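Each remark here refers to the structure printed beneath this line.
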Amino acid sequence: MECFNSTKLSSPCTSSILNLQGSSSLVCNKFSKNSVHPWLLSSPPPKPIFQLDDRLQYRQKSAHRTYRGPILAEAGKQGWDLGRFLKTLYFFNGPPSPSKFFEFLIEKLSSPSPSEPKKSMESSGIVLVVGATGGVGRRVVDVLQKKGLPVRVLARNEEKARKMLGPDIDLIIGDITKESTLLPEYFKGVRKVINAASVIVGPKEGDTPEREKYSQGIKFFEPEIKGDSPEMVEFVGMRNLINAVKGSVGLRNGKLLFGCEDNGFRDLAWGALDDVVMGGVSESTFIIDTTGGEKGGPAGLFKGVVSTTNNGGFTSIRTKNFSVPEDLSSYDGLELRLKGDGRRYKLIVRTSRDWDTVGYTASFDTTEGQWQSIRLPFSSFVPVFRARTVSDAPPFDPRSIVSLQLMFSKFEYDGKLNPTFVEGPFQLPVSSIRTFIKDPVTPRFVHVSSAGVTRPDRPGLDLSKQPPAVRLNKELDFILTFKLKGEDLIRESGIPYAIVRPCALTEEPAGADLIFDQGDNITGKISREEIARICIAALESPYALDKTFEVDGITGKELLEQSPVPIIDFPMDNKAGAA
Numbered sequence: 001m002e003c004f005n006s007t008k009l010s011s012p013c014t015s016s017i018l019n020l021q022g023s024s025s026l027v028c029n030k031f032s033k034n035s036v037h038p039w040l041l042s043s044p045p046p047k048p049i050f051q052l053d054d055r056l057q058y059r060q061k062s063a064h065r066t067y068r069g070p071i072l073a074e075a076g077k078q079g080w081d082l083g084r085f086l087k088t089l090y091f092f093n094g095p096p097s098p099s100k101f102f103e104f105l106i107e108k109l110s111s112p113s114p115s116e117p118k119k120s121m122e123s124s125g126i127v128l129v130v131g132a133t134g135g136v137g138r139r140v141v142d143v144l145q146k147k148g149l150p151v152r153v154l155a156r157n158e159e160k161a162r163k164m165l166g167p168d169i170d171l172i173i174g175d176i177t178k179e180s181t182l183l184p185e186y187f188k189g190v191r192k193v194i195n196a197a198s199v200i201v202g203p204k205e206g207d208t209p210e211r212e213k214y215s216q217g218i219k220f221f222e223p224e225i226k227g228d229s230p231e232m233v234e235f236v237g238m239r240n241l242i243n244a245v246k247g248s249v250g251l252r253n254g255k256l257l258f259g260c261e262d263n264g265f266r267d268l269a270w271g272a273l274d275d276v277v278m279g280g281v282s283e284s285t286f287i288i289d290t291t292g293g294e295k296g297g298p299a300g301l302f303k304g305v306v307s308t309t310n311n312g313g314f315t316s317i318r319t320k321n322f323s324v325p326e327d328l329s330s331y332d333g334l335e336l337r338l339k340g341d342g343r344r345y346k347l348i349v350r351t352s353r354d355w356d357t358v359g360y361t362a363s364f365d366t367t368e369g370q371w372q373s374i375r376l377p378f379s380s381f382v383p384v385f386r387a388r389t390v391s392d393a394p395p396f397d398p399r400s401i402v403s404l405q406l407m408f409s410k411f412e413y414d415g416k417l418n419p420t421f422v423e424g425p426f427q428l429p430v431s432s433i434r435t436f437i438k439d440p441v442t443p444r445f446v447h448v449s450s451a452g453v454t455r456p457d458r459p460g461l462d463l464s465k466q467p468p469a470v471r472l473n474k475e476l477d478f479i480l481t482f483k484l485k486g487e488d489l490i491r492e493s494g495i496p497y498a499i500v501r502p503c504a505l506t507e508e509p510a511g512a513d514l515i516f517d518q519g520d521n522i523t524g525k526i527s528r529e530e531i532a533r534i535c536i537a538a539l540e541s542p543y544a545l546d547k548t549f550e551v552d553g554i555t556g557k558e559l560l561e562q563s564p565v566p567i568i569d570f571p572m573d574n575k576a577g578a579a
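The sequence shown begins at 1 in full-length UniProt numbering and counts up by one.
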């Protein structure tokens with residue numbers, strides 16, 4: 001029977017020996033090939049653990065008995081290493097309290113049922129609409145609500161937002177130009193974003209309360225910037241918004257939990273948790289091999305010797321409880337990059353800080369001698385307690401990951417055995433553990449930009465034939481220049497995105513034929529209602545992933561004059577302005 005538990009993020013490797021007392025971080029590549037966790041070295045564990053001068057002491061009523069090394073076993077059985085057992089307890093639980101230790105044993109022996117999380121996983125998938133009181137934004141909200149999709153809006157003026165969108169709208173009061181107003185808790189549950197926020201352009205001579213002149217289009221008035229500058233809205237505001245939602249919507253390449261990234265190495269506080277806790281003699285360790293990675297870089301190495309002596313048969317490494325639980329709910333699973341040895345292993349994820357509780361478990365097979373990526377969807381994790389599945393356990397909740405554990409065991413679940421189990425030495429190099437978004441990936445962030453953003457500085461362009469925003473870019477405080485800079489922030493963010501560049505926006509109803517193009521060359525007009533529909537459609541389209549495209553709406557008459565209509569197979573974006 002397997003028994004294990006408990007965890008925490010930590011320890012940058014700032015020298016040849018890993019420091020397990022730190023906090024999780026990205027650190028520089030300074031490693032020693034023999035880097036091991038201090039408690040696995042031959043030196044004694046920290047002092048306050050029933051220890052005097054490298055000896056383990058037990059006090060009985062009648063006398064003191066001092067033990068050195070393993071406790072002697074019955075004939076035919078191998079000695080049990082009490083010292084390693086106590087080191088294991090100390091690593092995961094800190095300096096022990098004898099009274100609490102015995103209370104723990106009594107509790108577990110008298111009540112074998114695992115502790116259960118208080119509530120089951122709730123579905124999430126909120127679409128955040130930014131700029132929801134604008135011409136495009138309010139139409140986006142309306143279409144989403146008609147589709148029955150959960151909507152949250154970000155607006156600066158509560159009274160205006162509730163009057164326009166309804167008194168019961170899920171509302172965040174904030175300003176993208178003011179980072180302090182975008183608190184992380186506001187965005188919990190948000191999985192997708194449509195950003196229709198834009199700098200305000202209006203007539204110099206003023207407008208009606210309903211902005212009738214503005215609604216006709218910029219060519220009908222002499223424009224000026226109203227309120228915050230293009231730099232603050234289109235660039236600074238975009239940066240603030242991306243930082244605010246990045247943790248909720250997820251990254252295209254996933255979130256790194258362990259391994260190399262950007263010339264650094266993120267380590268976790270791993271410790272061995274073997275069958276010694278059940279009286280067995282199997283033993284494992286975890287070290288950083290500085291050249292053991294796929295391309296000669298560092299990798300973690302889970303290795304040891306497994307034995308079935310004393311009814312044992314498993315080894316594992318487990319992290320300490322993370323100081324702050326990981327919310328991985330914007331992802332679909334965990335991916336391990338490792339070099340297989342032909343054996344079957346388990347990854348165990350815990351959502352409780354308790355020592356002995358349910359672990360959500362997924363088994364995986366490896367191919368001997370090959371580096372491979374193992375993807376484990378969260379939906380495949382089974383609730384297990386001491387090698388028994390727990391049928392009434394709540395569903396796995398990726399919003400509160402507390403610890404990770406890798407295991408090689410004789411046992412599968414419910415009495416089944418691991419078909420690849422062999423006693424003796426083993427080793428499993430692991431270069432990274434990260435989250436993933438399942439295929440097909442669709443945009444998580446759709447941004448409404450503008451056609452013309454790359455044209456103001458384009459050589460040889462006849463500005464007299466360009467829309468007013470292109471001709472007046474400088475006079476409008478470089479509005480298109482900063483829109484382009486904002487686009488680049490999205491491309492560089494790692495968030496799956498789509499950028500929609502509409503031509504001149506109108507109040508006409510939807511229904512015109514549409515032209516999609518790339519290269520930022522087309523001119524024309526398109527209704528705000530049509531752009532709202534395009535943004536929502538892009539959220540669900542893998543073909544829109546990481547694309548930038550212009551769109552123009554044309555009438556039937558205009559369509560006949562433009563034959564043939566271009567059909568675009570959108571390539572992936574290049575960085576910067578060229579789409």
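Even glycine gets a Cβ: it sits at the ideal position worked out from N, Cα and C. Since this is a predicted model, take the numbers as computed values, not measurements.
Asked, Found
"Which residues in the same chain as R252 place their Cβ atom closer than 6 angstroms to its Cβ, once the five residues preceding and following it in sequence are excluded?", "G494 and P496"
"For T291, is the classification buried or exposed, using 16 other Cβ atoms within 10 angstroms of its Cβ as the cut-off for buried?", "exposed"
"State the DSSP-derived secondary structure class of E529, mapped to helix, strand or coil.", "helix"
"If the criterion is Cβ atoms closer than 9 angstroms, does the pair L338 and M407 meet it?", "no"
"Taking Cβ to Cβ, would you say A299 is nearer than 9 angstroms to G340?", "no"
"Excluding the 5 residues flanking G134 on each side, which residues of the same chain have their C-beta closer than 6 angstroms to its C-beta?", "A196"
"Report the three-state DSSP secondary structure of Y345 (helix, strand or coil).", "strand"
"Check C503 in the structure and name its three-state DSSP category.", "coil"
"Contact between the region 276-286 and the region 311-320: three or more CB pairs below 8 angstroms?", "yes"
"Excluding sequence positions up to five away, which residues of its chain have a Cβ less than 6 angstroms from the Cβ of E224?", "K204"
"With distance defined between alpha-carbon atoms, name the residue in L256, G486, I554 and R491 nearest to L514.", "I554"
"If you draw a straight line from the alpha carbon of V199 to that of T366, how long is it in whole angstroms?", "53 angstroms"
"Going by beta carbon distance, what residues of the same chain come within less than 8 angstroms of S464, once the five residues before and after it are set aside?", "R471"
"How close, in whole Å, do the beta carbons of T454 and D520 come, if the pair is a contact with beta carbons under 8 angstroms?", "5 angstroms"
"Please name the residue in M164, K485, K483 and G452 whose C-alpha comes closest to that of A504.", "G452"
"Locate the alpha helix (DSSP H) running through G250, then write down its first and last residues.", "Segment: none, G250 is in no alpha helix (DSSP H) and carries neither H nor E."
"Select from E540, E368 and V249 the residue whose C-alpha is nearest the C-alpha of L144.", "E540"
"Identify which residue in K255, G227, V390 and S330 has its Cα closest to the Cα of V193.", "S330"
"Could you tell me whether the region 423-434 touches the region 168-186, using the rule of 3 or more Cβ pairs below 8 angstroms?", "no"
"What's the C-alpha gap between E335 and R375?", "4 angstroms"
"Can you give me the Cβ contacts of residue 582 inside the same chain, cut-off strictly under 8 angstroms, excluding the 5 residues immediately before and after it?", "With the chain running from 1 to 579 in the structure shown, residue 582 is simply not present."
"Below 8 angstroms on the Cβ atoms is my guess for G254 versus F436; work out the distance and round it to an integer in Å.", "5 angstroms"
"In chain order, what residues of the same chain lie with their CB nearer than 6 angstroms to the CB of E222, ignoring the 5 residues before and after it?", "K204"
"Which of the three DSSP states, helix, strand or coil, is assigned to S363?", "strand"
"Who are the near neighbours of R156 in its chain, counting only those whose CB is closer than 8 angstroms to its CB and skipping five residues on each side?", "I173, G174 and D175"
"Please classify F478: does DSSP put it in a helix, a strand, or coil?", "coil"
"Which residues does DSSP pair with G264 in a beta bridge?", "E261"
"Within the continuous beta strand (DSSP E) that includes residue 581, where are the two ends?", "Residue 581 lies beyond the residue range present for the chain, which begins at 1 and ends at 579; the question has no answer from this structure."
"Taking the beta strand (DSSP E) that G424 falls in, what are its first and last residues?", "G424 to F436"
"What residue range is occupied by the uninterrupted beta strand (DSSP E) comprising P203?", "I200 to P203"
"Indicate whether A544 and A498 have their beta-carbon atoms separated by less than 9 angstroms.", "yes"
"Could you give the distance in angstroms between the alpha-carbon of residue 580 and the alpha-carbon of V153?", "Nothing can be reported for residue 580, as the shown portion of the chain is limited to 1 through 579."
"Between the C-alpha atoms of I534 and V349, what's the straight-line distance to the nearest angstrom?", "39 angstroms"
"Does DSSP classify L41 as helix, strand or coil?", "With a pLDDT of only 36 at L41, under 50, the local geometry of the prediction cannot be trusted, and no value is derived from it."
"Since I believe D414 is in contact with R388 (beta carbons under 8 angstroms), could you give me their beta-carbon distance rounded to a whole number of angstroms?", "6 angstroms"
"Pick helix, strand or coil for Q370, following the three-state DSSP scheme.", "coil"
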